[in-house]
Structure formats: C-alpha cells, structure tokens
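**Student:** First to last, the sequence lines map onto chains A and B.
If you use our numbering, the first sequence corresponds to residues 13 to 127, in order.
If you use our numbering, the second sequence corresponds to residues 31 to 144, in order.
Ideal Cβ placement from N, Cα and C applies to all residues, glycine included.
Predicted model only: the values in this text are computed from it and were never measured.
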Amino acid sequence: GNSVTQMEGPVTLSEEAFLTINCTYTATGYPSLFWYVQYPGEGLQLLLKATKADDKGSNKGFEATYRKETTSFHLEKGSVQVSDSAVYFCALSDRAGGGADGLTFGKGTHLIIQP
Amino acid sequence: NAGVTQTPKFQVLKTGQSMTLQCAQDMNHNSMYWYRQDPGMGLRLIYYSASEGTTDKGEVPNGYNVSRLNKREFSLRLESAAPSQTSVYFCASRAGRETGQPQHFGDGTRLSIL
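(1) Using three-state DSSP, classify residue 96 (chain B) as helix, strand or coil.
(2) For the beta strand (DSSP E) holding residue 122 (chain A), just list the boundary residues, first then last.
(3) Counting pairs of beta carbons, one from the stretch 47–65 of chain B and one from the stretch 127–144 of chain B, are three or more of them closer than 8 Å?
(4) Using C-beta distances below 7 Å, list every residue in its chain close to residue 93 (chain A), excluding the 5 sequence neighbours before and after it, in chain order.
(5) Can you check whether the CB of residue 18 (chain A) is closer than 8 Å to the CB of residue 102 (chain A)?
(6) I need the straight-line Cα distance from residue 78 (chain B) to residue 134 (chain B), nearest angstrom please.
(7) Classify residue 96 (chain B): buried if its beta carbon has 16 or more other beta carbons within 10 angstroms, exposed otherwise.
(8) Span of the beta strand (DSSP E) holding residue 82 (chain A)?
(9) Cα separation between residue 76 (chain B) and residue 118 (chain B)?
(10) Here's a check: name, in chain order, each residue in its chain whose Cβ is nearer than 7 Å to the Cβ of residue 59 (chain B), leaving out the five neighbours to either side.
(11) Determine the DSSP secondary structure at residue 55 (chain B), reduced to helix, strand or coil.
(12) Can you name, in chain order, every residue of its own chain whose Cβ lies under 7 Å from the Cβ of residue 78 (chain A), other than the five neighbours on each side?
(13) From this set, B:65, B:45, B:35 and B:56, which residue's C-alpha is nearest residue 110 (chain B)'s C-alpha?
(14) Residues of chain B with CB closer than 7 Å to the CB of residue 120 (chain A), please, in chain order.
(15) By the three-class DSSP mapping on this structure, what secondary structure does residue 15 (chain A) have?
(16) Assuming residue 60 (chain B) is part of the beta strand (DSSP E), what are its boundary residues?
(17) Decide if residue 89 (chain A) is buried, meaning its Cβ has at least 16 other Cβ atoms within 10 Å, or exposed.
(18) Under the three-state reduction of DSSP, which class applies to residue 48 (chain B): helix, strand or coil?
(19) For residue 36 (chain A) versus residue 14 (chain A), is the C-beta spacing smaller than 8 Å?
(20) Give the single residue among B:116, B:130, B:131 and B:129 whose Cα lies nearest to the Cα of residue 40 (chain B).
(21) When you compare the CB positions of residue 116 (chain A) and residue 16 (chain A), do they come within less than 8 Å of one another, or not?
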C-alpha cells in the first residue's frame, strides 16, 4: 500500500533560519505529491505540488523537488518567518492498483518559529 | 469566497447519540471526501464520492455512513457515537480524479464524544 513518512516535531527554529522538512514515500504506482499547511484552528491549505519526477513545486518561498530515485519530496525554505509557524503535511495521490481515491498523509510536522 | 463549508464547527455528543456532519462546496467539483484527524496520526480517509451518486469506503469507514445528496453536498453520519470517534473531521473536494489535482479542504468540525 501507499505510505508517507515525514519528520515529526515539533521543529523549533529562529527567524531567518533555513528550513528543511523531510518527506519520503512508498507508492504502488506513480503518485502526485503535495505539501499542505495547517494554521491553528483552520483547515488544510495547499502549499505546493509536483506531478512527475524532477518537477519542483514552489510557493511563498517554499520549494520541494520530486525525487523518484530516492522517493522523496523534502520541503525547504531559505529564510523562515514567525508567520510560517504551522503544521505541515506531506501527502500523495496514487490510484494505481485500484486503491481508494483519496490522499495519503504523513503524520504532520509542527513548525515553531521564534523571533 | 468560494470553497468548502462544513457545519457545525463544534459539537459535543454523548455516547450512543447520532448526528450528521454537513459539507457543501460551490466549486462545481465532482469528487468529495471525508477525513478524520487525530493527534499524531495525520489525516485518514473515511469515505469518498468520486461523482454524484457514488460513494466508496476509505481507510477507516467503520461506524460511519455517508450520503452524496447532490453534486454540492456530501454528509457524514454517525449512527451511534463512540468515544473513539472523538476527532476533527474534514471535508474536501476536487474537480476530478486525476492524481495531480489538489483537494480543497473545509475548516473542520471538532467533535467530542463523552
């Protein structure tokens, strides 16, 4: 079956630090990959996505590259801000093998940015 | 603003009570989903509806039923609530079934079962 593994937090950084949140996956077919962000008391918002190998998704200074050879989709940002404090979810979508038509999520990484 | 609307936002039930969580989207999406979010577990798929008139089980369907009332609305019912169903429930939708299309989420329903 499909699965997503991401580093669990909380991850605490100082403002302007470099951020990496690791994400690796296993999938039956050739999945699409996503990063979602959840702010306190809110639903999930799409942050970025990639649909094929070597694609780079980017948004709001965040980037992630679809690495098929290492089955990874690590999230990076060069200089984090306090407003980036949230929970980040890595997820995949893969319907190969007739599986359920939904997203498979990692457990989430709680990111805390200190001023 | 266009999006996914869930009602209610909060609910407290007693064990054995029933209730229905409502979800509506105004983006003319074909597919709709129900997830539950538990601490340290990420989100897990309960049921989904690939199109109007169809529903299918996800990873954790036991204790739940769903109804795709029309293209806009997809409800989740707990017939006899149990404390293990205490969770945050999210509804989502997406335009079609292509894996590259993202899902759009509501703000969630926080449900406590006493």
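**Tutor:** Based on what the coordinates show:
(1) In the structure shown, residue 96 (chain B) sits in a strand (DSSP, three-state: E or B).
(2) Counting along the chain, the beta strand (DSSP E) containing residue 122 (chain A) begins and ends at 121–126.
(3) Contact holds between the stretch 47–65 of chain B and the stretch 127–144 of chain B, because three or more Cβ pairs, one in each stretch, are under 8 Å apart.
(4) Within the same chain, residue 93 (chain A) has close Cβ partners 27 and 125.
(5) Yes, the pair counts as a contact, with Cβ atoms nearer than the cut-off.
(6) C-alpha separation (whole angstroms): 14 Å.
(7) Buried, since its Cβ has 16 or more Cβ neighbours within 10 Å.
(8) From DSSP, residue 82 (chain A) is part of no beta strand (DSSP E); its letter is neither H nor E.
(9) It is roughly 12 Å from the alpha-carbon of residue 76 (chain B) to the alpha-carbon of residue 118 (chain B).
(10) Its chain contains 123, 124 and 125 as the residues whose beta carbon lies nearer than 7 Å to that of residue 59 (chain B), once the 5 sequence neighbours on both sides are disregarded; these appear in chain order.
(11) In the structure shown, residue 55 (chain B) sits in a strand (DSSP, three-state: E or B).
(12) Excluding residues within five positions, the ones whose Cβ falls inside 7 Å are 45, 62, 64, 65, 66, 67 and 85.
(13) Checked all of B:65, B:45, B:35 and B:56; the closest Cα to residue 110 (chain B) is B:45.
(14) Near residue 120 (chain A) (Cβ distances below 7 Å), the residues of chain B are 72.
(15) Here residue 15 (chain A) sits in strand by DSSP.
(16) Residue 60 (chain B) -> no beta strand (DSSP E), and no H or E assigned at all.
(17) Per the 10 Å Cβ criterion, buried.
(18) Here residue 48 (chain B) carries a coil assignment [DSSP, helix/strand/coil].
(19) Contact flag unset, no.
(20) Minimum Cα distance to residue 40 (chain B) is reached at B:116.
(21) Using a Cβ distance threshold of 8 Å, residue 116 (chain A) and residue 16 (chain A) count as a contacting pair.
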